[in-house]
Amino acid sequence: MKEYLAGSTLLFASFTLAGQTDVYLNELQLKFTENSELCLDEHKWPQFSSSQSEPWMISRLNALASVGFIRATIKSSGVEYQLTEKGQEAWLPHEDFCYGALRISKIKAIEPQSDGISTVYFYYGVTGMPDWARDKNIRYAYSEVDTILRGMNKEVIQVDVRENPDGTLELLNYPTPASIDEESE
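Take -16 as the starting number for the sequence shown in this note's numbering and just add one per residue.
Structural data, given as structure tokens:
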């Protein structure tokens, strides 16, 4: 009888954990859908560069030119970069160049902390990624794009959440790679 009760308790605990994982997955995905655009943070056009410009900035502008989003015009004070028609089409919807949206592929673990706060560890993917985001020049100039691409369904991300009395989840911080915490220990 004790074995039956122990087995039933274990089975119930696994169903509860699976149910909690599904609830967290759905709730977090809703939160990420609301604010999960992955963008290059290029908000202002035209842009200018000169001999005094930082090399990383020029590299980024050249990468955008290589995918046809901007064109360079030489001026007496430096180089002016304007959006092309293709660039305007990609930039206008968000006033930035966005390369998809974060989605949760699978929850790896949910670790309760205290006061209704839990740390959720998950694998991620990206939906709606345009071809230009895979371009080697973009990936080189915008290393965050390359990091995201290389980590899809491999890198574990963590985020702290609070479960509210109504069952909804509140994000308490920005998702970060779980490996960062492991490196600091």
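Where is the CB? At the ideal position from N, CA and C, for every residue including glycine.
Straight-line gap, residue i to residue j (C-alpha atoms, nearest Å)
i: Leu154; j: Gln12; result: 11 Å
i: Glu184; j: Leu75; result: No answer is possible for residue 184: it lies beyond the span of the chain, which begins at -16 and ends at 168.
i: Arg122; j: Asp129; result: 5 Å
i: Thr159; j: His77; result: 23 Å
i: Ser162; j: Gln141; result: 9 Å
i: Asp114; j: Phe80; result: 12 Å
i: Lys89; j: Phe15; result: 14 Å
i: Glu10; j: Asp98; result: 19 Å
i: Tyr7; j: Thr110; result: 19 Å
i: Ser42; j: Tyr125; result: 9 Å
i: Thr4; j: Gln96; result: 16 Å
i: Asp149; j: Ile93; result: 19 Å
i: Ser59; j: Met40; result: 19 Å
i: Gln35; j: Gly61; result: 9 Å
i: Ser19; j: Glu127; result: 15 Å
i: Ala73; j: Pro29; result: 15 Å
i: Tyr157; j: Gln71; result: 29 Å
i: Thr151; j: Met112; result: 29 Å
i: Trp23; j: Arg117; result: Inspection of the sequence shows that residue 23 is occupied by Leu rather than by Trp. Rounded to whole angstroms, Leu23 to Arg117 spans 13 Å at the Cα level.
i: Glu166; j: Gly134; result: Unreliable positioning characterises Glu166 in this predicted model, as indicated by a pLDDT of 48, which lies under 50. The coordinate reading is nonetheless provided below. Taking the straight line joining both Cα atoms gives about 17 Å.
Delimiting residues of the beta strand (DSSP E) encompassing residue i
i: Glu63; result: Gly61 to Leu66
i: Tyr82; result: Cys81 to Pro95
i: Leu21; result: Glu20 to Cys22
i: Tyr106; result: Ile100 to Thr110
i: Thr56; result: Ile53 to Lys58
i: Val142; result: Val139 to Glu146
i: Glu153; result: Leu152 to Leu154
Contact check, residue i vs residue j, beta carbons under 8 Å
i: Tyr104; j: Lys91; result: yes
i: Leu85; j: Leu132; result: no
i: Gly51; j: Lys27; result: no
i: Ala48; j: Ala55; result: yes
i: Ser33; j: Leu44; result: no
i: Val144; j: Tyr106; result: no
i: Asn169; j: Gly108; result: Residue coverage of the chain in this structure runs from -16 to 168, which leaves residue 169 outside it and unanswerable.
Residue i, buried or exposed, once every other Cβ within 10 Å from all chains shown has been counted against 16
i: Glu25; result: buried
i: Ser101; result: buried
i: Met83; result: The amino acid at residue 83 is misidentified as Met; the sequence shows Gly. So Gly83 ends up on the buried side.
i: Gln65; result: exposed
i: Ile53; result: buried
i: Ile57; result: exposed
Residue i: first and last residue of the uninterrupted alpha helix (DSSP H) it sits in
i: Tyr123; result: Lys119 to Ala124
i: Ser36; result: Ser36 -> no alpha helix (DSSP H), and no H or E assigned at all.
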